[in-house]
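Novice:
Chains as they are written, first to last, in my numbering: chain B, 1 to 234; chain R, 1001 to 1234.
In structure tokens, the structure reads:
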């Protein structure tokens, strides 16, 4: 119906529809610990697609380019087909998660300045952290890194404010980037699956699932994020 | 006799003698796997102190500042007392060791360009790799990082050539840096304990010990390195 499946991941399916475009379908699945924890949460795909749409539209409106084109249906977005970089870009505002294993910081401590980290998307190597010299070895040039860093920092400023207006604290998030006709765009999604946000210092993101909360709690939190973001962008 | 012990590590003892100076004594011990492998190799301290002296003298002669002042006795060097950065700086020319767990490279492959990595010296956290944003959080400024990177690259160029002249291939090495009267100097040691070098593609460094070779093989290799370096600097 949507043409050929280009790629199916743990939470999304990409279909090729016409040249240069893809349909990105959000599944209702949720996974953690490299796929070892896995569940289906009815409605999750729709919520994540809507949050992604809100965020990417907000970024576009503010001069940050993403792959988002338009909504297709409840769980499906039309996006530009990118040539993806094999990296994940993490941006952190608050000391949490794996950063606590790297630096002597208190959990929940506000960072003096945002911290950006690059990870190599490799199941085989376990997604190791890379520095800019490693990226150069992978063929990502200095100017590409500079642009990706700049876009990530601008995204962080825009979204920190958006989340603040929505009564949420943006703890950290993950971006993926790709090339489209020699422009570098944000790809993938932006949802509570790959950002951390706190509402009165309690998570409203995938950490709930990681912590063993049931699907009702998880979907309620995701819906709360959606409701709050919808209110501030409209 | 040498005054107070300032610090005793796995392979060295630092004594305070007079203000601004330390005596660095090289022990005969060798350790690996965070101290779980440990042995004593008579003569090793002397050899490592001599290799360190040769390397640091060569660097000084070529405009790279180190903490080395003079030799005191067989196993002891007089050095400037630095305020150390809590980081290890690794420079790599050839894909080997932990780099193979981070990037999809062939073991022994020549890198397109040197790779520099920073590690946080923390037993508690297991010496994690840091990027420049993490270093900023630790209080190392951008200009300090730039200077440390520059010194590391210059050291690499000088020593790659020195080792090449000695018939050895400099695979990678670790430096530590510290501040002395607002200058950033190379501290610690430079020996087969913390560089990798290959003679006809076989290690002549601590990898021999890590691989389970006996002390005779290890000390023979260290002496071979010393002999070859002595020849090319004299």
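All C-beta atoms, glycine included, are put in the ideal place defined by N, C-alpha and C. Bear in mind the structure is a predicted one, so any value in this text is a computation, not a measurement.
Using beta carbons (cut-off 8 Å, strictly below), is residue 112 of chain B in contact with chain R?
Specialist: Start at 1 with the first residue of the first chain, and residue 112 of chain B comes out as number 112. Yes - at least one Cβ of chain R is within 8 Å of the one on residue 112 of chain B.
Novice: Measuring CA to CA, which of B/26, B/55, B/20 is closest to residue 13 of chain B?
Specialist: Residue mapping note: residue 13 of chain B aligns to position 13 of the first chain, counting from 1. Per the Cα distances, B/26.
Novice: For residue 123 of chain B, count neighbouring C-beta atoms within 10 Å of its own C-beta (all shown protein chains included) and say buried if the count is 16 or more, exposed if not.
Specialist: To locate residue 123 of chain B, count along the first chain from 1; it is residue 123. Exposed, since its Cβ has fewer than 16 Cβ neighbours within 10 Å.
Novice: Can you tell me which of the three DSSP states residue 1165 of chain R falls into?
Specialist: Sequence index remark: in the second chain, residue 1165 of chain R carries index 165 (1-based). Residue 1165 of chain R falls in the helix class under three-state DSSP.
Novice: Kindly indicate which three-state DSSP category residue 85 of chain B falls into: helix, strand or coil?
Specialist: The sequence position of residue 85 of chain B within the first chain is 85, counting from 1. It is coil, neither helix nor strand.
Novice: On the DSSP bridge list, what partners appear for residue 1120 of chain R?
Specialist: For the purposes of this step, residue 1120 of chain R is taken as residue 120 along the second chain, with counting starting at 1. Its beta-bridge partners are R/1087.
Novice: Taking 6 Å as the limit between beta carbons, can you name the residues of its chain near residue 1159 of chain R, skipping five residues before and five after?
Specialist: To locate residue 1159 of chain R, count along the second chain from 1; it is residue 159. Correct list, in chain order: 1170.
Novice: Going residue by residue through the segment 123 to 205 of chain B, where are the continuous beta strand (DSSP E) segments of at least 3 residues, counting only ones entirely within it?
Specialist: Runs found: 169 to 175, 177 to 180, 183 to 186, 195 to 199.
Novice: State the beta-bridge partners of residue 115 of chain B as determined by DSSP.
Specialist: For the purposes of this step, residue 115 of chain B is taken as residue 115 along the first chain, with counting starting at 1. Its beta-bridge partners are B/92.
Novice: Could you run through the segment 37 to 67 of chain B and flag, in chain order, every residue whose CB is less than 8 Å away from some CB of chain R?
Specialist: Residues passing the 8 Å Cβ filter: none.
Novice: On the DSSP bridge assignment, give the partners of residue 221 of chain B in chain order.
Specialist: Indexing the first chain from 1 puts residue 221 of chain B at position 221. Residue 221 of chain B pairs with nothing; no bridge assigned.
Novice: DSSP state of residue 1233 of chain R, grouped into three classes?
Specialist: The sequence position of residue 1233 of chain R within the second chain is 233, counting from 1. Helix at residue 1233 of chain R.
Novice: DSSP has residue 14 of chain B in a bridge; who is on the other side?
Specialist: In the first chain, counting from the first residue as 1, residue 14 of chain B sits at position 14. Paired residue(s): B/7, B/24.
Novice: Please list, in chain order, all residues of the same chain as residue 1180 of chain R whose beta carbon is under 6 Å from its beta carbon, the five residues on each side excluded.
Specialist: Within the second chain, residue 1180 of chain R is the residue found at index 180, counting from 1. So the list reads 1080, 1082, once near-sequence residues are dropped.
Novice: Straight-line CA distance for residue 204 of chain B to residue 144 of chain B?
Specialist: Residue numbering aside, residue 204 of chain B sits at position 204 when the first chain is read from its first letter. Residue numbering aside, residue 144 of chain B sits at position 144 when the first chain is read from its first letter. So the two alpha carbons sit approximately 33 Å from each other.
Novice: Using only the alpha-carbon positions, how far apart do residue 75 of chain B and residue 43 of chain B sit?
Specialist: By one-based count along the first chain, residue 75 of chain B stands at place 75. By one-based count along the first chain, residue 43 of chain B stands at place 43. Whole-angstrom Cα-Cα distance: 9 Å.
Novice: Could you tell me how far apart the beta carbons of residue 1108 of chain R and residue 1172 of chain R are, in whole angstroms, since I believe they sit closer than 8 Å?
Specialist: What you label residue 1108 of chain R is simply residue 108 of the second chain in a count that begins at 1. What you label residue 1172 of chain R is simply residue 172 of the second chain in a count that begins at 1. Contact doesn't hold; Cβ gap of about 12 Å is too wide.
Novice: Among R/1086, R/1148, R/1162, R/1054, which residue has its Cα nearest to the Cα of residue 104 of chain B?
Specialist: Along the first chain, one-based indexing puts residue 104 of chain B at 104. Nearest option by C-alpha distance: R/1086.
Novice: I'd like the span of the alpha helix (DSSP H) that includes residue 1047 of chain R, first residue to last.
Specialist: As a working note, residue 1047 of chain R is residue 47 in the second chain. First-last of the alpha helix (DSSP H) with residue 1047 of chain R: 1044 to 1061.
Novice: Quick one, are the C-beta atoms of residue 176 of chain B and residue 88 of chain B less than 8 Å apart?
Specialist: Against the first chain, residue 176 of chain B aligns to sequence position 176. Against the first chain, residue 88 of chain B aligns to sequence position 88. Taking 8 Å as the Cβ cut-off, residue 176 of chain B and residue 88 of chain B qualify as a contacting pair.
Novice: Kindly indicate which three-state DSSP category residue 1078 of chain R falls into: helix, strand or coil?
Specialist: Position 78 of the second chain, counting from 1, holds the residue named residue 1078 of chain R. The answer is strand: DSSP assigns residue 1078 of chain R an E or B state.
Novice: What does DSSP give as the partner residue(s) for residue 1070 of chain R in the beta ladder?
Specialist: If you number the second chain from 1, residue 1070 of chain R lands on position 70. R/1078, per the DSSP bridge assignment.
Novice: Under the DSSP definition of a beta bridge, which residues are partnered with residue 29 of chain B?
Specialist: Taking the first chain and counting its residues from 1, the one referred to as residue 29 of chain B is at position 29. DSSP lists B/40 as partners of residue 29 of chain B.
Novice: Anything in chain B within Cβ reach of residue 1087 of chain R, meaning under 8 Å, just list it in chain order.
Specialist: Taking the first residue of the second chain as position 1, residue 1087 of chain R is located at position 87. Result: empty, since nearest Cβ-Cβ is about 12 Å, beyond 8 Å.
Novice: At a CB-CB cut-off below 8 Å, which residues of chain R make contact with residue 130 of chain B?
Specialist: In the first chain, counting from the first residue as 1, residue 130 of chain B sits at position 130. Under the 8 Å cutoff, chain R gives 1102, 1103.
Novice: Closest by CA to residue 1220 of chain R, which one among R/1199, R/1165, R/1068?
Specialist: For the purposes of this step, residue 1220 of chain R is identified with residue 220 of the second chain, where counting begins at 1. Ranking the options by Cα distance to residue 1220 of chain R, first place goes to R/1199.
Novice: Applying the criterion that 16 or more other CB atoms from any shown protein chain within 10 Å of the CB defines a buried residue, is residue 1185 of chain R buried or exposed?
Specialist: Position 185 of the second chain holds residue 1185 of chain R. Residue 1185 of chain R comes out buried.
Novice: Would you say residue 1054 of chain R and residue 1229 of chain R are within 8 Å of each other, going by their C-beta atoms?
Specialist: Taking the first residue of the second chain as 1, we reach residue 1054 of chain R at position 54. Taking the first residue of the second chain as 1, we reach residue 1229 of chain R at position 229. Yes, Cβ-Cβ distance for residue 1054 of chain R and residue 1229 of chain R is below 8 Å.
Novice: What does residue 1117 of chain R touch in chain B if you count any residue whose Cβ is under 9 Å from its own?
Specialist: Here the question's residue 1117 of chain R lines up with position 117 in the second chain. Correct list: 131, 133, 134.
Novice: Which residue's Cα is closest to the Cα of residue 121 of chain B: B/114, B/138, B/110?
Specialist: By 1-based counting over the first chain, the position of residue 121 of chain B is 121. Comparing Cα positions, the closest option is B/138.
Novice: So if I threshold CB-CB distances at 8 Å, which residues from the segment 1135 to 1147 of chain R count as touching chain B?
Specialist: Flagged, chain order: 1136, 1137, 1138.
Novice: Could you list which residues in chain R have their beta carbon closer than 7 Å to that of residue 125 of chain B, in chain order?
Specialist: Here residue 125 of chain B refers to the residue found at position 125 of the first chain. By Cβ distance, chain R contributes 1101, 1102.
Novice: Under the rule that 16 or more other beta-carbon atoms within 10 Å means buried, what is residue 189 of chain B, buried or exposed?
Specialist: The count along the first chain starts at 1 and reaches residue 189 of chain B at position 189. Its Cβ being crowded by 16 or more others within 10 Å, residue 189 of chain B is buried.
Novice: Please work out which residues of its chain come closer than 8 Å, Cβ to Cβ, to residue 1021 of chain R, disregarding the five sequence neighbours upstream and downstream, and give them in chain order.
Specialist: As a position in the second chain, residue 1021 of chain R is number 21, starting the count at 1. Only 1069, 1078, 1079, 1080, 1081 meet the Cβ criterion.
Novice: Here's the rule I'm using: 16 or more other beta-carbon atoms within 10 Å means buried, otherwise exposed. How should residue 73 of chain B be labelled?
Specialist: For the purposes of this step, residue 73 of chain B is identified with residue 73 of the first chain, where counting begins at 1. Exposed is the call here.
Novice: Whose C-alpha, out of B/128, B/218, B/64, B/134, is nearest the C-alpha of residue 183 of chain B?
Specialist: Taking the first residue of the first chain as position 1, residue 183 of chain B is located at position 183. Nearest option by C-alpha distance: B/64.
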